[in-house]
Ligand SMILES: *[C@@H]1O[C@H](CO)[C@@H](O)[C@H](O)[C@H]1NC(C)=O
Ligand SMILES: *[C@@H]1O[C@H](CO)[C@@H](O)[C@H](O)[C@H]1NC(C)=O
Ligand SMILES: [Zn+2]
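Numbering (mature numbering (1 follows the signal peptide of the UniProt record, and there is no 0)), first residue to last: -25 to -1, 1 to 418.
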């Protein structure tokens, strides 16, 4: 296990390392690319944040990195200026299905003024923290995939199954021009993918986290109409009253789900979450709102997240009959932001039992790497993995980051160098095990 900070009896070595780190932290971006950390930093320095990610430079960097390892590369644009980069390490038995390791090229924006280091500096601090937007989400795994292959090649390992790595655009804005178009393409079909690893999330303890499903987001907007009236009058069925009745009912449902979590019977991501995100009502006046009039329209917006086991029809029935019933002069709109079922109509989740042979191979690989695996989870949010699962391809979300605060989309996102380097070792075991796994046959 790589750890260079536990040599209390070797102060000179510690000082030397400290000096090296300080040197790295202050050296200009065009430093050498001799180490995995330097290559990680280089990739982090490409600003691929929305709303205007430019994918050209990072794709050419990754392409030359892959070519220097003797890997085949191919860039395909499924939408203008939105390349998907495909890297291939040919296996010795092309009749077996292949493995795909996915990551996204883009990131969410960062507010530099809220950061202790500029978000695209990839500054390495004396404690070994690498600060950058994308350090956890998910530029780490992109470089770790390639570094693991570098190490395996150096040991003359030959994969049996072909290994593909994909770098896709636009995950952070829904993946419509990225993974969605990619998995529906002939290029993807030709890969004959049998199993996918995509991004996961950091773990605050020493257990690696793995995700077998994502929750599916819905946007719900409910609208109430009612009789308008003077602000002084008490009467039934005003728009505000109708809306507030609905909000109370929705809130009771929210509490019932939250109670299950609070009682420890389910994780946050295993229940339906429904959270109010906007309220809109009132008659505007030059100074704010007219105060002596009860409006005839009012609306509210909710963010819903549905675990894959949810029956979407039951939720729709609940919305139609209880949350926004026509008999209370309510209407509603549901915007489904992602699928809940695969192409066969099955819940969008990857099996974590013996029915999925990849699961035990993956588990064994983590054990072989000396790692502990936490109980598999449903991810609270959404990733590109849903597009692969929709095709029925077993897909896990996994980012090997233990003892790391969860900072994706947050200010001061960082990853420790030791955690990053340990992740490379973990992927070496994973790639070795999965690519040598032959029993799955046509799986
Ligand atoms: C993207 O970056 C490349 C250089 O890396 C530049 O040539 C190109 O003009 C940029 N594209 C846009 C749309 O800014
Ligand atoms: C529904 O709207 C109609 C017409 O404005 C009104 O007469 C009725 O009282 C309303 N009913 C409810 C439950 O709000
Ligand atoms: Zn991500």
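All C-beta atoms, glycine included, are put in the ideal place defined by N, C-alpha and C.
The structure displayed is predicted, hence computed values, not measured ones.
From the DSSP output, read off the bridge partner residues of residue 437.
Here the chain covers residues -25 to 418 and nothing more, so residue 437 does not appear.
Euclidean distance between Cα positions of residue 92 and residue 107
8 Å
Close-in-space but distant-in-sequence residues of the same chain around residue 255 (CB under 6 Å, 5 per side omitted)
Exclusion of the five residues before and after residue 255 leaves 274 as the residues of its chain whose Cβ lies within less than 6 Å of its Cβ.
Looking at C-alpha atoms only, which residue of 78, 397 and 182 is the closest neighbour of residue 116?
78
What residues in its chain sit with their C-beta under 6 Å from that of residue 231, if we drop five residues either side in the sequence?
none
Taking only the alpha-carbon atoms, compute the straight-line gap between residue 358 and residue 191 and give it to the nearest angstrom.
10 Å
Whose CA, out of 45, 21 and 260, lies closest to the CA of residue 35?
21
Residues proximal to ligand 1 by C-beta, any heavy atom closer than 7 Å
Screening all residues for a C-beta within a distance smaller than 7 Å of any heavy atom in ligand 1 leaves 29, 31, 32 and 56, in chain order.
Can you pull the DSSP bridge partners for residue 273?
199 and 256
Would you mind stating whether residue 144 and residue 66 have Cβ atoms separated by less than 8 Å?
no
Inter-residue spacing [alpha-carbon to alpha-carbon] between residue 409 and residue 370:
13 Å
Report all residues for which the CB-ligand distance to some heavy atom of ligand 3 is below 5 Å; order them along the chain.
112, 113 and 174
Please indicate yes or no: does the CB of residue 303 lie closer than 7 Å to some heavy atom of ligand 2?
yes
Just curious, the beta strand (DSSP E) that residue 49 is in, first and last residue?
Where residue 49 is concerned, the enclosing beta strand (DSSP E) stretches over 47 to 54.
I want to check one thing, is the minimum distance from the CB of residue 202 to the heavy atoms of ligand 4 below 7 Å?
By its list of ligands, the structure shown excludes ligand 4, since it contains just ligand 1, ligand 2 and ligand 3.
Taking only runs of the beta strand (DSSP E) that begin and end inside the segment 128 to 199, which ones reach a length of at least 3 residues, in chain order?
List check, beta strand (DSSP E) in window: 138 to 143, 168 to 173 and 186 to 189.
Range of the contiguous beta strand (DSSP E) that encloses residue 60:
57 to 64
Just to confirm my understanding: we take residue 428, look at its own chain, exclude 5 residues before and 5 after, and list those with CB closer than 8 Å. What are they?
Only positions -25 to 418 of the chain appear in the structure, and residue 428 is not among them; the question remains open.
In the DSSP assignment, find the unbroken beta strand (DSSP E) run with residue 285 in it and report its ends.
In the DSSP assignment, residue 285 falls outside any beta strand (DSSP E), carrying neither H nor E.
State buried or exposed for residue 178, treating a residue as buried only when at least 16 other CB atoms are found within 10 Å of its CB.
buried
For residue 168, the nearest candidate out of 63, 104, 402 and 55 (CA to CA)
63
Assuming residue 392 contacts residue 103 (C-beta within less than 8 Å), just tell me the rounded distance between them.
4 Å
Using C-beta distances below 6 Å, list every residue in its chain close to residue 150, excluding the 5 sequence neighbours before and after it, in chain order.
359
By DSSP, does residue 79 sit in helix, in strand, or in coil?
strand
Tell me whether residue 181 is buried or exposed, calling it buried when 16 or more other Cβ atoms sit within 10 Å of its Cβ.
Residue 181 is exposed by the Cβ-count criterion.
Under a Cβ-count criterion, where at least 16 other Cβ atoms within 10 Å of its own Cβ denotes burial, should residue 403 be classed as buried or exposed?
With 16 or more other Cβ atoms within 10 Å, it is buried.
Let me check you understand the geometry: is the CB of residue 220 closer than 7 Å to at least one non-hydrogen atom of ligand 2?
A distance criterion of 7 Å places the beta-carbon of residue 220 beyond contact range of ligand 2, judged by its closest non-hydrogen atom.
Using 10 angstroms around the beta-carbon of residue 289, count the other beta-carbons present and answer buried if the total reaches 16, otherwise exposed.
exposed
Say the cut is 7 Å; is the CB of residue 217 nearer than that to a heavy atom of ligand 2?
yes
Cutoff 6 Å; reference residue 235; Cβ partners in own chain excluding five residues on either side:
241 and 246
Residue 22 beta carbon near ligand 2 (any heavy atom closer than 7 Å)
no
Cβ contact (3+ pairs, closer than 8 Å) linking the segment 126 to 140 and the segment 22 to 32
In short, these stretches do not touch, since the Cβ pair count stays below three.
To the nearest angstrom, how far is it from the Cα of residue 157 to the Cα of residue 303?
45 Å
Cutting at 7 Å between CB atoms, please list the residues of its own chain near residue 8, excluding the five before and the five after it.
14 and 17
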